[in-house]
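**Q** Below you'll find the structure I mean.
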Amino acid sequence: MVVISELKTFYRIYADTRNENTGKIVAKQNDTKTRYLDITVTDNGVPVDLTGCEVRIYGRKKDGTEFYNDGTLQDATTGRCLFEATTQMLSYAGQNVNCEIVVFKDNKQILSTMTFDIFVVESMMGA
132 MVVISELKTF YRIYADTRNE NTGKIVAKQN DTKTRYLDIT VTDNGVPVDL TGCEVRIYGR
192 KKDGTEFYND GTLQDATTGR CLFEATTQML SYAGQNVNCE IVVFKDNKQI LSTMTFDIFV
252 VESMMGA
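Under my numbering, the residue at position 3 of the sequence shown is numbered 134, and the numbers go up by one with no gaps.
What follows is the structure in structure tokens.
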């Protein structure tokens, strides 16, 4: 039996700093506190050591609205970080949300990945 309070869906993504990110992520509109992006930042396919860094996900929806959320480092030496797929990310159904991971050190941006998309599937419950 799955307990709702423990239900979490993880999307494993490799976000590269040099190469186009072609993986497709599909998430359901309005799902909150259950969907997470488990992202490894790579440089030409090689994991980036994020020790001493902070990470954020930045995104832009088709209506031009932008958002950002802080992430947590899961394993800094292998470039692995975790982001919650928030209500803001998943609010507009039937569209791709363009995202990128931005790395900061000492409060300064030092690196960002190529963009990747999250396709938001419409909820049958409506808005």
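Quick reminder that beta carbons are idealized off the backbone N, C-alpha and C, glycines included.
(1) Shortest alpha-carbon distance to K192 belongs to which of V179, V177 and G225?
(2) If we require 4 or more residues per run, which alpha helix (DSSP H) segments fall completely within the stretch 188-255?
(3) In the DSSP assignment, what residue or residues form a beta bridge with K159?
(4) Does the Cβ of N175 have 16 or more other Cβ atoms within 10 Å, making it buried, or fewer, making it exposed?
(5) Thinking F247 and C184 are a contact (beta carbons under 8 Å), I'd like their distance in whole angstroms, please.
(6) Measuring only the C-alpha atoms, how far is K159 from E253?
(7) Since Q219 contacts F250 with CB under 8 Å, what's their CB separation in whole angstroms?
(8) Can you check DSSP and say which residues form a bridge with D169?
(9) Shorter than 8 Å from the beta carbon of Q226 to some beta carbon of chain D?
(10) Going by DSSP in three states, E137 sits in which element: helix, strand or coil?
(11) So for E151, helix, strand or coil by DSSP?
(12) I'd like the list of long-range same chain contacts for M245, defined as Cβ closer than 8 Å, with 5 residues on each side in sequence excluded.
(13) G202 and L213: beta carbons closer than 8 Å?
**A** From the atom records:
(1) Per the Cα distances, G225.
(2) None, since the stretch 188-255 contains no complete alpha helix (DSSP H) of that length.
(3) Beta-bridge pairing links K159 to V252.
(4) N175 sits exposed, since fewer than 16 C-beta atoms from the chains shown fall within 10 Å of its C-beta.
(5) C184 and F247 do not touch by the CB rule: their CB atoms are close to 19 Å apart, not below 8 Å.
(6) It is roughly 6 Å from the alpha-carbon of K159 to the alpha-carbon of E253.
(7) With 8 Å as the limit, Q219 and F250 do not qualify as a contact, their Cβ atoms being about 16 Å apart.
(8) D169 pairs with R143 and L213.
(9) The question asks about chain D, but that chain is absent: this structure has only one protein chain.
(10) Reduced to three states, the DSSP call for E137 is helix.
(11) Reduced to three states, the DSSP call for E151 is coil.
(12) Cβ within range, chain order: A146, D147, T148, R149, N150, E151, N152 and E231.
(13) Less than 8 Å divides the Cβ of G202 from the Cβ of L213.
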